[in-house]
Amino acid sequence: AKRRDWWRDAVIYQVYPRSFADSDGDGMGDLEGVRSRLPYLRDLGVDAVWLSPFYASPQADAGYDVADYRAVDPMFGNLLDADALIRDAHELGLRIIVDLVPNHSSDQHEWFKRALAEGPGSPLRDRYHFRPGKGTDGELPPNDWESIFGGPAWTRVTEPDGSAGEWYLHLFAPEQPDFNWDHPAVGDEFRSILRFWLDMGVDGFRIDVAHGLVKAAGLPDLGAHDQVKLLGNDVMPFFDQDGVHEIYRQWRLILDEYSGGDKGPEGASAEGRGRETGGRIFVAEAWTPTIERTANYVRPDELHQAFNFQYLSAAWDAAELREVIDRTLESMRPVGAPATWVLSNHDVTRHATRFANPPGLGTQIRTAGDRELGLRRARAATLLMLALPGSAYVYQGEELGLPDVVDLADEVRQDPAYFRGAGQDGFRDGCRVPIPWTREGSSYGFGDGGSWLPQPAGWGELSVAAQTGAPGSTLELYRSALGIRRSRNDLGAGDSVEWLKAPEGVLAFRRGEFVCVANTTGESVTTPAYGRVLLASDEVTETDAGEAKLPADTTVWFTTP
Ligand code: TEU
């Protein structure tokens with residue numbers, strides 16, 4: 020039988036290590052905590068685990084500020100723990116994807132520290148974007164770009180002689196200086212880092228800010244950007260520049276060396292554990308204005324997948340969802356890449372809270388909204404997502420129906436975006452509150468030493484222990500859905516859906532011997548007799564004639580006769 024690439028329809032679970040499980044009681048999750056919970060992830064039924072950064076880091080941006088790309092931060096463990104985690108995961112049939120942060124380093128990275136210490140003219144400064152300031156005394160930033168976390172994208176340094184000196188570029192926090200990808204040493208270093216983790220046995224990389232590495236030549240002011248816009252190229256001079264694709268074509272060659280390319284059986288690689296675990300992949304975190312532009316990252320000689328942020332940003336609305344689904348499938352088909360579907364991650368309000376609020380508020384929500392409604396819709400949205408062709412991402416805790424914690428006090432918050440007044444995507448602590456594993460006990464089973472963000476009262480009612488085996492629980496819904504998906508060929512496979520006629524506010528489509536109906540309205544609807552009900556996000560009643568009555572905000576899966 021012809022082997023299918025595992026990643027084309029994989030369900031990939033995002034672990035945010037600091038908030039998953041704490042093995043040593045310091046209030047911070049760690050790699051050993053993740054390892055101890057691997058059986059939970061296997062039983063949940065996911066195919067792979069993507070870990071947010073656990074590298075040596077001062078944690079100015081929760082680890083997305085890397086000081087040493089080849090070391091584990093002591094807070095998370097050490098390289099032996101990483102090795103044990105990868106090994107155990109593979110034994111359980113789970114693949115491991117690590118996070119690569121190539122757009123910027125930490126300001127505590129060796130190169131940056133030396134660049135500062137050596138002063139103007141240091142060759143190390145060429146590996147970042149250092150520039151003299153404007154104005155009579157260089158007191159103005161070199162251009163008008165703003166940081167995504169708020170404030171100017173430039174910080175002025177104090178030179179070794181104590182004078183106010185050059186400025187350096189940081190698209191995110193000042194502790195995250197952007198690399199200059201025009202410098203050959205930067206590319207060499209990252210190709211070497213890729214090999215380091217491939218030799219460790221990882222199955223892939225999530226590429227942070229994959230659209231940001233290359234900046235427009237001359238770092239033009241945003242004023243000039245308007246001309247770019249007129250050319251129909253709706254991008255910022257620091258995002259989605261054509262030059263990034265050359266980088267990914269080089270990376271792909273390295274990955275394929277470890278994957279056996281398109282040839283060969285599962286993981287026919289020359290070296291390493293790729294042999295046991297199959298092809299290795301890249302997934303791009305690229306916030307592009309349209310899904311059509313996202314498709315450029317997943318051409319056959321570049322990356323394998325890119326997160327579908329258009330889907331994540333859609334409201335719980337049939338018409339809007341259908342448009343995103345159609346555009347996604349149409350964009351991915353010509354390049355032969357699987358569509359991906361994402362509802363939550365560590366940067367946005369959890370979907371159980373997003374959908375609890377009126378549509379149109381985007382990914383940034385400040386109120387808890389109508390909890391019960393949010394959960395209903397989240398459950399329905401999940402069944403819809405898991406029935407679509409392609410790969411799906413699950414963010415830790417969504418399988419418990421966790422809401423965002425919207426009332427965290429300023430004193431406990433750690434997100435730099437919050438404190439810098441963030442632009443579009445601040446307020447990210449609320450989706451990062453540690454996972455409840457048990458009903459009672461110290462930090463509800465997260466660990467023995469409290470939790471780095473306080474868990475709200477009642478968190479234990481949402482715990483894994485409380486939901487395991489509980490009929491109708493969100494955890495059991497995920498387990499059933501993932502189990503059904505694994506046992507059939509017709510859910511994640513392929514690159515299209517066959518839409519069926521449905522009333523306004525309802526989505527219905529067929530995939531092989533499978534039909535999915537999602538009712539996004541506030542009223543119940545009755546479907547034709549499609550077949551036997553496999554699973555539903557709420558109670559569905561069937562008539563003798565085989566019609567099914569769906570309550571408001573409910574998705575149902577049928578298997579057709
Ligand atoms: O996020 C990149 C990024 O661009 C997002 O912050 C984005 O702007 C926003 O979520 C969408 O509106 C990545 C990481 O996921 C994030 O946690 C880091 O803070 C950021 O990179 C910097 O490394």
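Residue 31 in full-length UniProt numbering is what sits at position 12 of the sequence shown, and the numbering runs on without skipping anything. C-beta: ideal position from N, C-alpha, C; glycine also.
Every candidate alpha helix (DSSP H) stretch fails here, since none sits fully inside the region 26-54 while reaching 4 residues.
Taking C-beta atoms as the reference points, residue 321 and residue 327 fail to come closer than 9 Å. As computed with DSSP, residue 159 is found in a beta bridge with 153. For residue 410, the enclosing beta strand (DSSP E) starts and ends at 410-414. The criterion of a C-beta distance shorter than 9 Å is satisfied by residue 556 and residue 401.
Beta-bridge partners assigned by DSSP to residue 223: 116, 300.
With fewer than 16 other CB atoms across the displayed protein chains lying within 10 angstroms of its CB, residue 99 is exposed. Sequence-distant Cβ neighbours of residue 424 in its own chain, meaning closer than 7 Å and more than five residues away, are 449, 452, 475. Scanning its chain for C-beta atoms nearer than 6 Å, with the 5 sequence neighbours on each side dropped, one finds around residue 484 the residues 457, 458, in chain order. Taking a contact to require three or more Cβ pairs closer than 8 Å, the region 180-188 and the region 70-84 do not qualify as touching. Counted as a single uninterrupted DSSP element, the stretch harbouring residue 164 is not any alpha helix (DSSP H), since DSSP gives it neither H nor E. A residue is called buried when at least 16 other Cβ atoms come within 10 angstroms of its Cβ; residue 369 meets this threshold and is buried. Under the three-state reduction of DSSP output, residue 213 falls in the helix class. Under DSSP, residue 572 takes part in no beta bridge, so it has no partner.
The Cβ-Cβ distance between residue 119 and residue 28 does not fall below 9 Å. Taking 9 Å as the cut-off, the beta carbon of residue 481 is found closer than this to the beta carbon of residue 421. Burial is judged here by how many other beta carbons sit within 10 angstroms of a residue's own beta carbon; residue 158 has fewer than 16 and is exposed. In this structure, the ligand TEU has a non-hydrogen atom nearer than 8 Å to the beta-carbon of residue 191. Within the model, the alpha-carbon separation for residue 163 versus residue 237 is close to 13 Å.
Here the alpha carbons of residue 376 and residue 573 stand approximately 17 Å from one another. Residue 104 has its alpha-carbon roughly 10 Å from the corresponding atom of residue 220.
When secondary structure is reduced to three states using DSSP, residue 202 falls in the coil class, being assigned neither helix nor strand. Per DSSP, residue 419 is not a residue of any alpha helix (DSSP H), being assigned neither H nor E. The beta carbons of residue 539 and residue 567 sit no closer together than 9 Å. When secondary structure is reduced to three states using DSSP, residue 123 falls in the strand class. The beta carbon of residue 312 is closer than 7 Å to those of 259 in its chain, skipping five residues each way along the sequence. Within the chosen limit of 8 Å, the ligand TEU reaches the beta carbon of residue 195 through at least one heavy atom. The continuous alpha helix (DSSP H) containing residue 504 extends over residues 493-506.
Taking residue 95 as reference, the option from 43, 134, 114, 106 with the minimal CA-CA separation is 43. As computed with DSSP, residue 518 is found in a beta bridge with 528. With contacts defined by Cβ atoms closer than 9 Å, residue 39 and residue 415 form a contacting pair. Inclusion of residue 88 and residue 215 in the CB contact set at 9 Å is warranted, their separation being smaller than that value. Each of 346, 301, 432 was checked against the Cα of residue 229, and the nearest Cα belongs to 301. Taking 9 Å as the cut-off, the Cβ atoms of residue 202 and residue 145 count as close. Where residue 555 is concerned, the enclosing beta strand (DSSP E) starts and stops at 551-555.
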